[in-house]
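Protein chains in written order, with the working numbering: chain L, 2 to 577; chain C, 5 to 304; chain R, 1216 to 1536.
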Amino acid sequence: MKRRTAWMSAAAVVSLTTLLAGCSSIGGTQASAPKRTAIPNGGTLVETFPTAFGTNMIPFLDSSAYTATADSYAFDSLLNFNQKDQLVPDLVDKYAFSKSKTTITFWLNPKARWSNGTPVTSKDVQLSVDWLASKTYNVTDQGAYGYLVQNIVGASKPLPDGTTPSGFKIINSHEFSISMAQPDAAVLPSQWAGIIPLPSAVLGKMPMSAWKSSSFNKVPTIGSGPFVFKSLVPGQSITQVRNPYYVFGAPHIQTVVWKVISPNVVNGDLASGQVDIAGIHPQDVQKMKALPNLSVAIFPSNSFGYLGWRLNNAKYGSVFSNVKFRQAVEYAINRPALVKAIDKGYGKPENGPLPPINFWYNSKLNNTYAYSPATANKLLDSIGMKVGANGWRTMPNGKPFSPTLTISTGDSNIVTESTFIAQFMKAVHINLTVLPPINFNTMLSQLNNDSKGTQPIQGFLLGWSLSDDPDPRGLWRSTDNLNITSIDWTNTKDPAIVENDRLIHLQHSAAAFNLAYRKKIIYQWQTLLNQQMPENFLTMDDAIYAYNKNVHGLVFSAYTFGTPIDAWKWWMSPAK
Amino acid sequence: MAANAVSHASGVSRAPKSKSPLRLSIERFFHSPLAVAGLVMLVAIVFVTVFAPLFTHFSPSQPDIMNTDSPPTALHPLGTDGSGYDNLARVLYGGRVDLTVAFCAAMMTMVIGTLYGGVSGFFGGFIDTLMMRFVDVMLNFPFISLVLIVEAVFNTSSEWVLILIVGITAWPGPARLIRGVFLQLREQDYVVGARTVGCGNWRIILRHMLPNAMSFIIVLVSFQVAAYVGLDAALSYLGLGVPPNVASWGGILNTSTGYMSLRTEPYAWVPPAVMIVLTILSVNFIGDGLRDAFDPQTRT
Amino acid sequence: MATYIIRRLLGLIPTLFVITVIVFLLMHAMPGNAFEALVFNPRLKNAAAIYNRLVQENGLNQSLPVQYFDWIKNLLQGNLGISYSLNMPVSELIATYLPNTLLLAVTAEIIILVVSIPIGLYQARNVNGPFDVLSSFIAVLFYSIPGFVFALLLIYLLSFTFNLLPSSGTVTPGVPWSGDFADRVSHLLLPALALSLPGLAYYTRLTRGNSLQVIVADFVRTARAKGLRGPRILFRHVLRNAVIPIIAQFGLDLGGLFSGAVILEQIFTWPGMGELSINANLNRDYPLILGTTLLFAITVLIGNLLADILLAFADPRIRYD
């Protein structure tokens, strides 16, 4: 938990969460309908952010993950993901692929309404697509979500404001279609599902260049989500009220308040009832459970931490890029012990590029690389890293081998983890020194500007929080920018890398519209990465929330950050 | 504060001939019970930190993954922290960092500050104006921002980096104050007298003015040391203190002041807090004692 | 004196120039820039293109002198630029955060003055008496507790245990009485108390020390010899002379007031200048770093000027040639 919050606050952009929930399947509505009469309405729910949120409230405009979280309560997207990572209806209740798989037709839910009672129409979707494709959004406002529409025919480059990409067509007020040039199995879940319709009755009347300075951007009082903005105080709080016209029925809770609260005091606020729900640290679980007014929810997260090596490092790159070295490191690290010591048992060892809870996870990876210093030693011996007179292993060429580990500031758990990893390395005679923590941006800069391998960074600890869809593009291909932290892109002749790129391509090919096929390919890809250990996968830490016992009906999902999902189902017992 | 050192021109010289002024001051210091208590306390604290291995056989940098966040046991009287470090060992060894930072940083600032402020205040005029403009420039960098920048630029953090940063950034404040004192001393009769009999500038500064500014400087030092003992704690809160694997009182305090720790783990946060408070208290008592000893008129 | 003040005010301009140049160089010496984290967003399939565009749009690919003079040019037109991390005009951000900082700082300073001067005076009058010893001890004790620990203890006691005051923020959100006078005062008390306590100890000692100096001065002895009564001497003669150096010290502290109290602002979620500038540094938000630095510089310089003028009033023998 702590790792993720630190990660988010250090670089909010890293964890953009466009697909945050706020609603669920229509089936769910019907199932719970009979109970709804008995549930009391009203109450104020207080949730928290650990650091300040950005103040551009129009969806997609701000890079702050907290702003996106608050926006996810106020604006619903076309489709959503449930707890099992399956696409479920939201503002769109039906969609269909064309025969060629290049066009998808969407039907808006007739019940989908803005909080002022007017229906959500195709024009609202069109406005959002236009906005995401516009010059103002992509260039002037420096928006980062343009990728949501870039696969639409005609939108690969920013368009003049108000131009609709030719691949988007309105059929009628509640029906529209979107086309792509090539069939791509990942486009719907990873891009188009996340398009958030914008109120054309308000924003459509303004030139896009005026959106940012508009009062609607400060407090967007009209929304399509369960709770819409009422007021906000920059740097400290956001107040939202229930949307009586919400697509799945009006929420029970009257008001949601988001407060910025320092992590050092948030537990006290929970205990004294000033906050109703917040993430907590694993070491506080038992103590929080013992408090009479609190419940604790623990569930897996779609994220993991890893130990990376600069494979092109000028000094030690020849060792780091040896797959046997990385395998030895994986054997040398007691991951179950890390889970026990750092997560207090609330987590799992990570075996590959997807966490064990993920819908697409290949469970054959379970129990690989069981802790075995003996195996690690054997592997290291086999690549010629002999133990020298001083007790430390040398490079195969006999030169001393004393790599460093770089970590970022702001998270005590990362420091603890680095201490343990240095211990584990010591046990297999690797002299790993943990450097003093550095600012997150410094670390990123060292990673980004290291084509010669001369930056001080050698080993490093980072984490990934993943999107709902497992599409590895952008992160794992040998041509991606991000793989500077993982696969050795300098060595594309490696058959493993060719295989990696091939599998990634196949998982979104036309054939991958078949779920079983896509699953099979993604399984193969995970097996490859488990064998290659492009980075040493460490642990998946559970997400842990404490919440007040007077809050009921919370739904937690591994795929959603910072808040439970299905806000319209929650209710609070009346104050006594 | 600036008026402190004024108007007691050469009280020290009225002492009987048999004893030197310094000797008299030392005697006066040891007659003050609080000052002596402070000295004893500080010596005791320095002793336990320097000779920490006598009191615990645990190393402050030996993690234990199998025994993290343990409550007090016979083996670990103050429990262990999240990395399995023994809390007692951390507290004992931790003082080394905090005390080194506090004393070295205070000395560095005071030496630079006294020289700079003294020269500026003594010469006055154009030199003073120019030197004070530079102080103005230096005073403009919020300390914490500067720590952040320096640590980013040098890509490291350690107690020596901290001392260096404090040394190069914190002197302008004291320099200004000391310059104020020297500006006033400059107009005193005995300085004017020394100048008329042809004493050199440095002789006047070092032999006549500095001793008379001493009581003021000593109090300033005691406040500086006090401020810097807590410095690591404050910087640790922002993640800018000494590296977390290095034991320091500030670091321990920082990791154990969450609500739940305050409530349920006093064994973890009380000892470093008490050590910090005791150190600052004793330094202040010593500072008070020294001031009174060097400044006979405050004994009225 | 008037020409001196005018000269000093004109002298601020080159000083400000030097300060902004230094800050400009320092911030560019920090590795990384505000947009690098974008490349690490797994959801962006074209991160490198976005990154390159942002660097270009914001002129980060130009040489440092060009960037600096661009900033100066905009500054002279009253434009402080747009924050990279918060995506808002820097001037608007300062206008939002500065009032919070000032409210907190001024309240804390008032608490300090109102409490420390009487205590210091009383201590000096009965020096080494039981009150002097006890209150001096307590003052040093408060001074020796690290500020953030003290803040956490205050919250722990007054907010979490006794539920008397709210733990964070400047107003209660989502209630009809949000932002009225009582609401603001209840939010202000805890942080102001936490901020004032170390200063309280310092100024008490300052007042005590200065008063002691004045009490033995010739004019007080003369006043006493003339038969004036104790309280009159204390307030008319001692206080007036003892307080001037304290006010001069205030001038020096003035700049610090504007830069805020970073740690307390974080603990109490008090959105102020301290946190704004620290986050600007952490995020390599160049326009915001320069904007906040400029504000601090101006206030520190004016504070210094005030201190010098007050010092001149305090002792007419100080000459300003």
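Beta carbons: idealized from backbone N, C-alpha and C, even for Gly.
Counted within 10 angstroms of its Cβ, other Cβ atoms place residue i as buried (16 or more) or exposed
{"i": "A53(L)", "result": "buried"}
{"i": "L339(L)", "result": "buried"}
{"i": "G254(C)", "result": "buried"}
{"i": "D382(L)", "result": "exposed"}
{"i": "G309(L)", "result": "buried"}
{"i": "F1250(R)", "result": "buried"}
{"i": "G392(L)", "result": "exposed"}
{"i": "M58(L)", "result": "buried"}
{"i": "A156(L)", "result": "buried"}
{"i": "I1221(R)", "result": "exposed"}
{"i": "K345(L)", "result": "buried"}
{"i": "M1488(R)", "result": "buried"}
{"i": "T480(L)", "result": "exposed"}
{"i": "T1514(R)", "result": "buried"}
First and last residue of the uninterrupted beta strand (DSSP E) at residue i
{"i": "T240(L)", "result": "238–243"}
{"i": "F50(L)", "result": "45–50"}
{"i": "A547(L)", "result": "544–549"}
{"i": "F82(L)", "result": "80–82"}
{"i": "K231(L)", "result": "228–234"}
{"i": "I278(L)", "result": "278–280"}
Boundaries of the alpha helix (DSSP H) in which residue i is found, first to last residue
{"i": "W526(L)", "result": "516–533"}
{"i": "A97(L)", "result": "Looking at the DSSP string, A97(L) is not in any alpha helix (DSSP H); the run it does join, the beta strand (DSSP E), is 93–98."}
{"i": "D236(C)", "result": "235–241"}
{"i": "L1427(R)", "result": "1396–1430"}
{"i": "Y1266(R)", "result": "1262–1272"}
{"i": "N414(L)", "result": "413–428"}
7 Å CB neighbourhood of residue i in its chain, flanking five on each side removed
{"i": "S191(L)", "result": "S468, D470, D472"}
{"i": "M207(L)", "result": "S215"}
{"i": "S1401(R)", "result": "L1380, P1381"}
Distance between residue j and residue i (C-alpha atoms, nearest Å)
{"i": "T1235(R)", "j": "W1286(R)", "result": "10 Å"}
{"i": "S574(L)", "j": "T222(L)", "result": "27 Å"}
{"i": "L436(L)", "j": "S1426(R)", "result": "51 Å"}
{"i": "W164(C)", "j": "P60(L)", "result": "47 Å"}
{"i": "P227(L)", "j": "F76(L)", "result": "8 Å"}
{"i": "F227(C)", "j": "V170(C)", "result": "14 Å"}
{"i": "F107(C)", "j": "Y232(C)", "result": "8 Å"}
{"i": "G23(L)", "j": "L189(L)", "result": "Because G23(L) carries a pLDDT of 27, less than 50, the predicted location of this residue cannot be relied on, and no value is offered for it."}
{"i": "G184(C)", "j": "G121(C)", "result": "8 Å"}
{"i": "K219(L)", "j": "P51(L)", "result": "21 Å"}
{"i": "I281(L)", "j": "A497(L)", "result": "40 Å"}
{"i": "K387(L)", "j": "T376(L)", "result": "15 Å"}
{"i": "V101(C)", "j": "V115(C)", "result": "21 Å"}
Under the three-state DSSP convention, the category residue i falls into
{"i": "G310(C)", "result": "Beyond the ends of chain C as shown, which are 5 and 304, falls residue 310(C); an answer cannot be given."}
{"i": "F557(L)", "result": "coil"}
{"i": "W477(L)", "result": "coil"}
{"i": "S101(L)", "result": "coil"}
{"i": "G464(L)", "result": "strand"}
{"i": "E269(C)", "result": "coil"}
{"i": "E176(L)", "result": "strand"}
{"i": "A113(L)", "result": "coil"}
Other residues of its chain near residue i: CB distance less than 6 Å, five sequence neighbours each side excluded
{"i": "P176(C)", "result": "V139, M142, L143"}
{"i": "L187(C)", "result": "G125"}
{"i": "T104(L)", "result": "S178, S180"}
Other residues of its chain near residue i: CB distance less than 8 Å, five sequence neighbours each side excluded
{"i": "S25(L)", "result": "Confidence at S25(L) is low in this model, with a pLDDT of 27, below 50, so the placement of that residue should be treated as unreliable; the coordinate-derived value is given next. The answer, listed in chain order, is N81, N83, V89, F249, V556, I566, D567, K570."}
{"i": "L530(L)", "result": "G353, P354, W477, N501"}
{"i": "P159(L)", "result": "A134, S135, K136, Y138, N139, V140, G147"}
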